[in-house]
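Input: a single structure, listed below in structure tokens.
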Amino acid sequence: MIERLMTPSTTPDIRDSDDPLAPYRERFDLPEGVIYLDGNSLGPLPRGVSDRVAATVADQWGTSLIRGWNDHAWMDLPTTVGDKIARLIGAPAGSVVAGDSTSINVFKALSAALRLRPGRTTILSDTGNFPTDLYVAQELAALLGSGYQLETVTPDAVESRIDADVAVVMLTEVDYRTGRRHDMKALTRAAHAAGALIIWDLAHSAGAFPVHLQDCGADFAVGCGYKYLNGGPGALAFLFVAPEHQAHLRPAIAGWMGHDAPFAFDPDYRPAPDIRRMQVGTPPILAMAALDAALDVFADVDMEAVRRKSVALCNLFIDEVERRCPQLELVTPREADRRGSQVSFRTPEGYAMMQALIAHGVIGDFRAPDIMRFGFTPLYLRYHDVIAAAEMLERVVNERLWDQEQFRHRRKVT
Ligand SMILES: *Cc1c(COP(=O)(O)O)cnc(C)c1O
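First residue of the sequence shown? That's 357 in my numbering, and the numbers climb one at a time after it.
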């Protein structure tokens, strides 16, 4: 029998009673007996999402049928949801569209960006990038032929590698394994100085801390709806295109929803004049409704306050864990400015330790080959949760609670 963590073993921390973000916890439906440190991988269920999805099914689809496209403005959801995301990532209204997966948006952004830089053939990325981004780039380069290639260098070497053959620099701001954060402003400037364009993947940034896309002068950005934005498993992703590029892009996947007039059924493609040209097919309205309702959680959130608390939570966790479990190796940068909103520790038995921790009610995740990853989401985590999680990790590690056959069995999703 596994003893579950029913209530945190510590008394509420003084910092909790002083926390301006404490009331936001009420906006989530969180299961009892769980400390959730995996909102960076799948955000929890915001209150209001279930009702909104149920109403979209029964009242809109069930009652309005096809009329729903007009009567409930379903057609506009990709851009109205996009505008809600824009606010969180420092992008102007009309520059973000919600839809498809992050992987597909990487393809859409990268193919469009390459066409804006004819004659240059290198896509530059780094070895810490998320595999899907690299796979998409590799195969797009192969499809294009003509010398196109993906080159990856270590994260520190990106800036000095950018030269006149680089068409596009494609980076993820926060490394999904280590939490290391790139300097978005400096790298965007370096890309532009060499005449290249830049694509930022904000999978671990959007909703986690303030992002300033416009201020940085970013050309393109993509990101995930199901991580810090809490849009649900497999939620729609998003794509940002800087306003100055929108009218010049030729989308490689030219779908009818990106046409200027889809219902003209014109046999020739004529892209919409704005961000809508990056849409491809019919938007999935049920998923869109979930993401739309989930984003309402952020309507009045001060992202600077989110960042301040995120830094405090991460610092507290690092201190508590290093003191209790010196055998775990911190792989996340210690300096807050150089990391996102997660903390990762390396240890050979990381998989079994994480499984044991989850069995005891503290949910994080594991990234091969040896990284235990913990995400910190200030809207629903309390300081005393962080201390209780560190206490449980100490027990798992120091009492060898992980050392059981059941925790070694690798499941499909780690
Ligand atoms: C999570 C993540 C993705 C996921 O892509 P999907 O197509 O939504 O599965 C892509 N890129 C990065 C950097 C991620 O962290």
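Where is the CB? At the ideal position from N, CA and C, for every residue including glycine.
The model shown is predicted, which means the values in this text are computed figures rather than measured ones.
query                                                                                                          : result
Any non-hydrogen atom of ligand 1 closer than 6 Å to C580 Cβ                                                   : yes
heavy atom of ligand 1 below 6 Å from P457 C-beta                                                              : Note on residue identity: the sequence assigns Ser, not Pro, to residue 457. Correct: S457 has its Cβ closer than 6 Å to ligand 1.
E750 versus K541 - alpha carbon distance                                                                       : 38 Å
Sequence-distant residues of the same chain with beta carbon closer than 8 Å to P402, five excluded per side   : R383, F384, D385, N586, A649, A650, D652, V653
Per-residue burial, P734 [other beta carbons within 10 Å of its own, 16 or more giving buried]                 : buried
Where D482 falls: helix, strand or coil (DSSP)                                                                 : strand
Closer than 6 Å: A643 CB and nearest ligand 1 heavy atom                                                       : no
Same chain only: Cβ atoms within 6 Å of T770, ignoring 5 sequence neighbours per side                          : F722
Through-space distance from M710 to A547, alpha-carbon basis                                                   : 39 Å
D557 Cβ short of 6 Å to ligand 1 heavy atom set                                                                : yes
Euclidean distance between Cα positions of K440 and A562                                                       : 11 Å
Per-residue DSSP class, three states only, for W430                                                            : helix
Cβ separation of P830 and A661, assumed to be a contact under 8 Å, to the nearest whole Å                      : Only positions 357 to 770 of the chain appear in the structure, and residue 830 is not among them; the question remains open.
Span separating the alpha-carbon of F732 from that of D693                                                     : 15 Å
Outcome for E394 when other beta-carbon atoms lying within 10 angstroms are tallied against a minimum of 16    : According to the sequence displayed, residue 394 carries Asp and not Glu. When all chains shown are included, D394 counts as buried.
Short Cβ contact (7 Å threshold) for A712 with L757                                                            : yes
For E507, the residue or residues it bridges with in DSSP                                                      : L480
Proximity to S373 [Cα-Cα], best of H765, G446, Y739                                                            : Y739
Which listed residue (S502, A643, A744, L558) has its alpha carbon closest to that of A773                     : Outside the modelled stretch of the chain, which goes from 357 to 770, sits residue 773, for which no answer is possible.
Residues that Q698 bridges to, as DSSP identifies them                                                         : G731
Bounding residues of the alpha helix (DSSP H) (the contiguous stretch that carries D372)                       : 370-373
Contained alpha helix (DSSP H) runs [length at least 4] in the region 519-596, N- to C-terminal order          : 540-549, 569-572
Within 7 Å, strictly: CB atoms of D726 and R702                                                                : yes
Buried versus exposed, by CB contacts within 10 Å (16 or more), T534                                           : buried
Those runs of the beta strand (DSSP E) which lie wholly inside the region 405-480 and span at least 3 residues : 452-454
Given 8 Å, three or more beta-carbon pairs between the region 621-636 and the region 594-605                   : yes
Residues bridged to P402 (per DSSP)                                                                            : F384
R723, enclosing beta strand (DSSP E) - first and last residue                                                  : 721-723
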